[in-house]
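Each remark here refers to the structure printed beneath this line.
Number of protein chains: 2
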Amino acid sequence: MMAIERVAIVGLGLIGSSVARAVKERLPQVTVVGHDAKAEVRDIARELGFCDIIADAPAAAVADADLVIFAVPVGGMADAARAVAPGLRDGVIISDVGSSKAGVAAALGAALPGHIVIPAHPVAGTENSGPAAGFASLFEGRWCIVTPGAGAPEDAVAALAGFWQALGARVETMDAAHHDMVLAVTSHLPHLIAYTIVGTASELEEVTESEVIKYSAGGFRDFTRIAASDPVMWRDVFLANKEAVLATLQRFNEDLTVLQQAIRRGDAGKLEDWFTRTRAIRRSIIEQGQDDAAPDFGRKH
Amino acid sequence: MMAIERVAIVGLGLIGSSVARAVKERLPQVTVVGHDAKAEVRDIARELGFCDIIADAPAAAVADADLVIFAVPVGGMADAARAVAPGLRDGVIISDVGSSKAGVAAALGAALPGHIVIPAHPVAGTENSGPAAGFASLFEGRWCIVTPGAGAPEDAVAALAGFWQALGARVETMDAAHHDMVLAVTSHLPHLIAYTIVGTASELEEVTESEVIKYSAGGFRDFTRIAASDPVMWRDVFLANKEAVLATLQRFNEDLTVLQQAIRRGDAGKLEDWFTRTRAIRRSIIEQGQDDAAPDFGRKH
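Chains as they are written, first to last, in UniProt numbering: chain A, 1 to 301; chain B, 1 to 301.
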């Protein structure tokens, strides 16, 4: 297996800085070099000390790296890749952490011709952003989806998978198009819906924003968490995964129309059937370790 | 102020049993009599011991009570009221904990003519149901909305408000129609949306249910919590608060269509603006003590 002794992380926000922290904690023999396009982020990163080296210049950051991970909004991948290109050594593994994969694979491939590009997506995060928001255990027990293209060398794919497993993640491989459909359902549509409803609630004439905040424990507050996620990151995700998001949104709209009609018609049986079916999914999510069993997400009462 | 020395709770699920537990803990001088239409729930309640007395007959449960609280699905309020009617003493305060108020006020008023009916709604709960799911601290720091009708005696309203404050709740009064509009936004629409998306995700052809569960940490799992709430309770809420729910749903649909168009057209600026605005609401909710500040709802990582 290819050895990964030096990792460069480009983009030191929530995910990039969590990768750095996890490497320092779980792979202490690996050197972590960090870079961020913003000087103030590099300053914070230096102060927090979660990388061995912070490089001011992108090409210097990736020099001698065995693995380069781009942890920038998916719309910024191509620019970030072009910026580091002059510093890359032959045989380096190029990867990322973006939430959409087909577009990122194309962008990185075009920006870095002749290099080994193996996109990846750790399905983990919080609603917070920036270098101070990261933590080493973010990937523990979470899935990391690796989407190697047809020509990706097997030993490089194995090395990348081993890297993520070392950070505590479980690894699955699939093709980029399927990833984008799966994540449209499990992540992108939920974010879009949450952003929508939080916007809707804050602009009603009949109900003040202060009332919405005050009585949010009735359910609304659950949506505000993911609607507090990084706006630029999510803008880019929706633009990059447009087709899959619009396709799943259409299915959601159909279902919402069916329930809307059931309410209007007073169809008690249809509502109760629907609400009964959806209970089982949460049980499975908890059984598979993807959420806490504690009521109310374990909030303090 | 009217003295409340004996409380009867009709319906011993999550909310009813939490009220009982909170009274035992915070108002030990008050006698709590519990009743549930289901014999197996009464058996569990006896075993758990959160009431002083469990009455098998509804009319016996309310005998000599100063306050009767109906904690049944809103569609079951009229039947529950008629069942206890023969046992009610003059001057008793009749209240409830239902999530819609105009319909409940009408139902209780019609079922119990000549009695003092003061509907109330503690905005609190978890996704769990049944007598074992309740706990004494459920109402601490949460709002309880009281919706007295025009003829409600002031001392009775004050006594009910004092009762909820004693259980740790903050009390607000408003008219029933406004309550129903506020809760349509902060609770009913969020539940409808969550039920919808969880149903949508479980029935796609392109993505298996097992994939949805596996990768749910990308955001989807947040929706599964409230979509695991009691199906009968929620069926009744949507039927009882139909007009307000459909009105807010229309606003939501408008906004979703605007965002859908922005994605289709690649309108990056509109998406980023929207996603930036929604961040502030979560901050306010946390500042006002209506949610935890810990990232990811404080889930363990």
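Cβ atoms here follow ideal geometry from the backbone N, Cα and C, with glycine treated the same way.
Ordered along the chain, which non-local residues of its own chain (more than five positions away) have a Cβ less than 7 Å from that of residue i?
{"i": "residue 174 (chain A)", "result": "145, 147"}
{"i": "residue 165 (chain B)", "result": "171"}
{"i": "residue 262 (chain B)", "result": "270, 271"}
{"i": "residue 189 (chain B)", "result": "245, 248, 249, 252"}
{"i": "residue 56 (chain B)", "result": "42"}
{"i": "residue 234 (chain A)", "result": "191"}
{"i": "residue 181 (chain B)", "result": "244"}
{"i": "residue 14 (chain A)", "result": "125, 126, 128, 129, 130, 133, 134"}
{"i": "residue 24 (chain B)", "result": "32, 50"}
{"i": "residue 290 (chain B)", "result": "none"}
In chain A, which residues lie less than 8 Å from residue i when you measure between Cβ atoms?
{"i": "residue 260 (chain B)", "result": "246, 249"}
{"i": "residue 127 (chain B)", "result": "282, 295, 296"}
{"i": "residue 135 (chain B)", "result": "301"}
Please state if the CB of residue j and the CB of residue i are separated by a distance shorter than 7 Å.
{"i": "residue 59 (chain B)", "j": "residue 84 (chain B)", "result": "yes"}
{"i": "residue 77 (chain B)", "j": "residue 120 (chain B)", "result": "no"}
{"i": "residue 134 (chain B)", "j": "residue 17 (chain B)", "result": "yes"}
{"i": "residue 72 (chain B)", "j": "residue 35 (chain B)", "result": "no"}
{"i": "residue 22 (chain A)", "j": "residue 136 (chain A)", "result": "yes"}
{"i": "residue 187 (chain B)", "j": "residue 49 (chain A)", "result": "no"}
{"i": "residue 276 (chain A)", "j": "residue 231 (chain B)", "result": "yes"}
{"i": "residue 259 (chain A)", "j": "residue 200 (chain B)", "result": "no"}
{"i": "residue 68 (chain A)", "j": "residue 124 (chain A)", "result": "no"}
{"i": "residue 226 (chain A)", "j": "residue 222 (chain B)", "result": "yes"}
{"i": "residue 103 (chain A)", "j": "residue 293 (chain A)", "result": "no"}
{"i": "residue 297 (chain B)", "j": "residue 139 (chain A)", "result": "no"}
{"i": "residue 278 (chain B)", "j": "residue 198 (chain A)", "result": "yes"}
{"i": "residue 209 (chain B)", "j": "residue 202 (chain B)", "result": "yes"}
{"i": "residue 87 (chain B)", "j": "residue 63 (chain B)", "result": "yes"}
{"i": "residue 66 (chain A)", "j": "residue 154 (chain A)", "result": "no"}
{"i": "residue 193 (chain A)", "j": "residue 285 (chain B)", "result": "no"}
{"i": "residue 179 (chain B)", "j": "residue 101 (chain B)", "result": "yes"}
{"i": "residue 112 (chain A)", "j": "residue 81 (chain A)", "result": "yes"}
{"i": "residue 26 (chain A)", "j": "residue 183 (chain A)", "result": "no"}
{"i": "residue 30 (chain B)", "j": "residue 185 (chain A)", "result": "no"}
Starting from residue i, find everything on chain A with Cβ-Cβ shorter than 7 Å and list it in chain order.
{"i": "residue 199 (chain B)", "result": "255, 274, 277, 278"}
{"i": "residue 143 (chain B)", "result": "214, 215"}
{"i": "residue 304 (chain B)", "result": "With chain B covering 1 to 301 only, the question about residue 304 (chain B) has no answer from this structure."}
Along the beta strand (DSSP E) that carries residue i, what are the first and last residues, could you check?
{"i": "residue 173 (chain B)", "result": "170-173"}
{"i": "residue 31 (chain A)", "result": "31-35"}
{"i": "residue 8 (chain B)", "result": "6-10"}
{"i": "residue 146 (chain A)", "result": "143-146"}
Near residue i, what residues of its chain come up, given a Cβ to Cβ distance below 6 Å and the 5 sequence neighbours on each side ignored?
{"i": "residue 44 (chain A)", "result": "131"}
{"i": "residue 295 (chain A)", "result": "none"}
{"i": "residue 12 (chain B)", "result": "34, 36, 41, 45, 131"}
Identify the contact partners of residue i in chain B, using a Cβ-Cβ distance below 9 Å as the criterion.
{"i": "residue 227 (chain A)", "result": "275, 278, 279, 281, 282"}
{"i": "residue 124 (chain A)", "result": "217, 218, 301"}
{"i": "residue 242 (chain A)", "result": "263, 264, 266"}
{"i": "residue 95 (chain A)", "result": "The premise fails here: residue 95 (chain A) is roughly 18 Å from chain B at the closest Cβ pair, so nothing lies under 9 Å."}
{"i": "residue 165 (chain A)", "result": "Those within 9 Å of residue 165 (chain A) in chain B number zero; the least Cβ separation is about 16 Å."}
{"i": "residue 113 (chain A)", "result": "Those within 9 Å of residue 113 (chain A) in chain B number zero; the least Cβ separation is about 26 Å."}
The alpha helix (DSSP H) that contains residue i, what's its start and end?
{"i": "residue 198 (chain B)", "result": "189-201"}
{"i": "residue 271 (chain B)", "result": "268-287"}
{"i": "residue 178 (chain B)", "result": "176-183"}
{"i": "residue 16 (chain A)", "result": "14-26"}
{"i": "residue 154 (chain A)", "result": "154-166"}
Name the chain B residues that come within less than 7 Å of residue i, Cβ to Cβ?
{"i": "residue 181 (chain A)", "result": "206, 207"}
{"i": "residue 224 (chain A)", "result": "281, 282, 285"}
{"i": "residue 147 (chain A)", "result": "Under the 7 Å cutoff, chain B gives no residues; its nearest Cβ is about 13 Å from residue 147 (chain A)."}
Which same chain residues, not among the five before or five after residue i, have their C-beta less than 8 Å away from its C-beta?
{"i": "residue 118 (chain B)", "result": "93, 94, 95, 146, 147, 148, 149, 152, 156, 157, 160"}
{"i": "residue 216 (chain A)", "result": "224"}
{"i": "residue 105 (chain A)", "result": "117, 119, 147, 149, 176"}
In chain B, what lies closer than 8 Å to residue i by C-beta?
{"i": "residue 191 (chain A)", "result": "219"}
{"i": "residue 235 (chain A)", "result": "268, 271, 272, 275"}
{"i": "residue 239 (chain A)", "result": "263, 266, 268, 271"}
{"i": "residue 252 (chain A)", "result": "196, 197, 200"}
{"i": "residue 52 (chain A)", "result": "Ordered by position in chain B, no residue passes the 8 Å Cβ test against residue 52 (chain A), which lies about 23 Å from the chain."}
Identify the contact partners of residue i in chain A, using a Cβ-Cβ distance below 9 Å as the criterion.
{"i": "residue 140 (chain B)", "result": "301"}
{"i": "residue 131 (chain B)", "result": "Chain A residues near residue 131 (chain B): none, gap ~14 Å exceeds 9 Å."}
For the ligand NAP, I want to know if residue i counts as a neighbour, meaning its beta carbon is within less than 6 Å of at least one of the ligand's heavy atoms.
{"i": "residue 89 (chain A)", "result": "The ligand NAP is not part of the structure shown, which contains no ligands of any sort."}
Anything in chain D within Cβ reach of residue i, meaning under 9 Å, just list it in chain order.
{"i": "residue 23 (chain A)", "result": "Checking the listed chains, one finds no chain D in this structure; the protein chains it contains are A and B."}
For this session: Would you mind listing the beta strand (DSSP E) stretches within the segment 47-128 of chain A that are 3+ residues and don't spill past its ends, in chain order?
Result: Runs found: 67-70, 93-96, 120-122.
Problem set entry | Whole runs of the alpha helix (DSSP H) within the segment 203-257 of chain A, excluding any shorter than 4 residues | 209-214, 220-226, 231-240, all fully within the segment 203-257 of chain A.
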